[in-house]
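Here the sequence shown stands for residues 19 to 421, where the numbers follow our numbering.
Just so you know, even glycine gets a beta-carbon here, dropped at the ideal spot from N, CA and C.
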Amino acid sequence: MTSLNTYRAGPDADGHFGIYGGRYVAETLMPLILDVEKSYRAAQNDPEFVREMTYYFSQYVGRPSPLYFAQRLSDHLGGAKIYFKREDLNHTGAHKINNCIGQILLARRMGKKRIIAETGAGQHGVATATVCALFGLSCTIYMGAKDIDRQAPNVFRMKMLGAEVVPVTAGSCSLKDAMNEAMRDWVARVEDTYYLIGTVAGPHPFPEMVRDFQSVIGEEVRDQIIAAEGRLPDSLLACIGGGSNAMGLFYPFLDDADVDIVAVEAAGEGVETGKHAASLSAGAPGVLHGNRTYLLQDDDGQITEAHSISAGLDYPGIGPEHAWLHDSGRVSYVSVTDREAVAAFQLCTRLEGIIPALESSHAIAHACKTAPGLGGDHVMVMNLSGRGDKDIATLAAQMEARP
19 MTSLNTYRAG PDADGHFGIY GGRYVAETLM PLILDVEKSY RAAQNDPEFV
69 REMTYYFSQY VGRPSPLYFA QRLSDHLGGA KIYFKREDLN HTGAHKINNC
119 IGQILLARRM GKKRIIAETG AGQHGVATAT VCALFGLSCT IYMGAKDIDR
169 QAPNVFRMKM LGAEVVPVTA GSCSLKDAMN EAMRDWVARV EDTYYLIGTV
219 AGPHPFPEMV RDFQSVIGEE VRDQIIAAEG RLPDSLLACI GGGSNAMGLF
269 YPFLDDADVD IVAVEAAGEG VETGKHAASL SAGAPGVLHG NRTYLLQDDD
319 GQITEAHSIS AGLDYPGIGP EHAWLHDSGR VSYVSVTDRE AVAAFQLCTR
369 LEGIIPALES SHAIAHACKT APGLGGDHVM VMNLSGRGDK DIATLAAQME
419 ARP
């Protein structure tokens, strides 16, 4: 494909990134979705909205998050200098709070009193429950029954914050099914309800809007790495499920041709086994949750179950902008297995004293593979998207089974 003058112009007026994205929703939802878009455009151009969001980013979330040089991990691997963007240090422990601050301020401008959301690992659910508590709004979180079992600490946190957590027992009892139930709820109560989507997926304008709110990650990295190294990084690295932390890091660098950009999917037990969540490596274009994108599906177009040890990556699709960047070749998409992610988790914990989320451990695992082959002057920035205390029960079971 011919290189574009810019990779930052999308989506088009109808919400498309190339052939991906768009709005594939029930007729009942269209007026509300158009209202969300209209309200977001007005907010983007309102200095008061920007001022309010900046205030909560700095005074409530704790931004800017640090850019930390992982000296011991870099020395251990040899080769590239590895920096961590410490989104795990944000209030609530992950990048998810960035998007939740932006969308809750928008929902308030729209006069919505009830917030619904879906969650997998629970970090988006906790962030949503947190901002609802902050502004005194009703909060309902849909969560797969399997994820409720493996993310018990986050379920408890959501309930303490006043949210109703609704178990979803349909399908694979994970993130896809939680999003299905949230969409059904939204259709039934469009008048008073705002659906606070947690990743760069769903009907337009959500992929664009979530990307914009998360882009604070990459914008901070540009300034921080120039302060640390006097130049832009040679490569960027992030894990992807739906893809919000990756898009937040990548978007401000998409037009910097000298910066290699790599996203890491969950290969689960191995892409060849069929038990994985690698929708770009092993999926095909289709429609789910209001947008056209790469999906895991069978020969009849039925969505197949995803698998990952990480609840946050256990989703059979990917944000539509990632699908377009994949086809254009601007971003490289690779995959890492459960076993490799657990090994990277242990290595990072013991060398850096940082317990990373299992999601982020996938990106660390890829860094472990590639950093030794790069020169000592290669600067790599990896997004440490969340902290791993939520995953301790999962890891304990895994390590007990495979000591």
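Beta-carbon gap between residue i and residue j smaller than 9 Å
i, j, result
"Arg26", "Asp273", "yes"
"Asn445", "Lys103", "The chain is shown from 19 up to 421; residue 445 falls before or after that span and cannot be answered."
"Leu123", "Phe35", "no"
"Cys157", "Leu179", "yes"
"Phe271", "Leu250", "yes"
"Ser299", "Leu313", "no"
"Glu283", "Val397", "no"
"Gly335", "Gly286", "no"
"Ala341", "Thr311", "yes"
"Gly129", "Ala181", "no"
"Asn117", "His222", "no"
Straight-line gap, residue i to residue j (C-alpha atoms, nearest Å)
i, j, result
"Ile258", "Gly189", "22 Å"
"Leu254", "Ser379", "15 Å"
"Leu155", "Leu95", "47 Å"
"Gln141", "Glu45", "31 Å"
"Ile243", "Ile100", "11 Å"
"Ala196", "Val305", "17 Å"
"Gly97", "Gly406", "26 Å"
"Ala125", "Gly391", "47 Å"
"Gln89", "Leu107", "18 Å"
"Ile327", "Gly28", "33 Å"
"Ala200", "Glu418", "35 Å"
"Gly220", "Tyr213", "10 Å"
"Met48", "Ala206", "13 Å"
"Phe363", "Ala281", "17 Å"
"Gln77", "Glu290", "46 Å"
"Gly301", "Glu323", "12 Å"
"Val149", "Gly404", "18 Å"
"Tyr58", "Leu152", "21 Å"
"Tyr74", "Ile119", "7 Å"
"Thr388", "Pro65", "43 Å"
"Gly162", "Tyr333", "11 Å"
For residue i, the first and last residue of its enclosing beta strand (DSSP E)
i, result
"Met128", "Looking at the DSSP string, Met128 is not in any beta strand (DSSP E), and its letter there is neither H nor E."
"Leu254", "253-257"
"Phe102", "99-104"
"Pro303", "302-306"
"Leu85", "85-87"
"Glu283", "278-286"
"Ile159", "156-162"
"Val184", "182-186"
Enclosing alpha helix (DSSP H) for residue i [first to last residue]
i, result
"Tyr74", "65-74"
"Gly393", "Here Gly393 belongs to no alpha helix (DSSP H), and DSSP marks it neither H nor E."
"Thr367", "356-370"
"Tyr58", "48-62"
"Leu343", "338-346"
"Pro171", "170-178"
"Val149", "141-153"
"Leu267", "262-268"
Closer than 9 Å to chain D by CB, residue i
i, result
"Glu237", "Annotation note: the requested chain D is absent from the structure, which comprises a single protein chain."
(request) Report yes or no: do the stretch 220-240 and the stretch 68-86 share at least 3 C-beta pairs separated by less than 8 Å? (result) yes
(message) Pairs of beta-carbons, one from the stretch 168-179 and one from the stretch 267-281, closer than 8 Å: are there three or more?
(response) no
(message) For the structure I just gave you, are there three or more beta carbon pairs, one from the stretch 383-397 and one from the stretch 328-341, closer than 8 Å?
(response) no
(request) Please specify which runs of the alpha helix (DSSP H), each continuous and at least 4 residues long, are wholly inside the stretch 192-250, giving them in chain order. (result) 193-206, 224-232, 234-247
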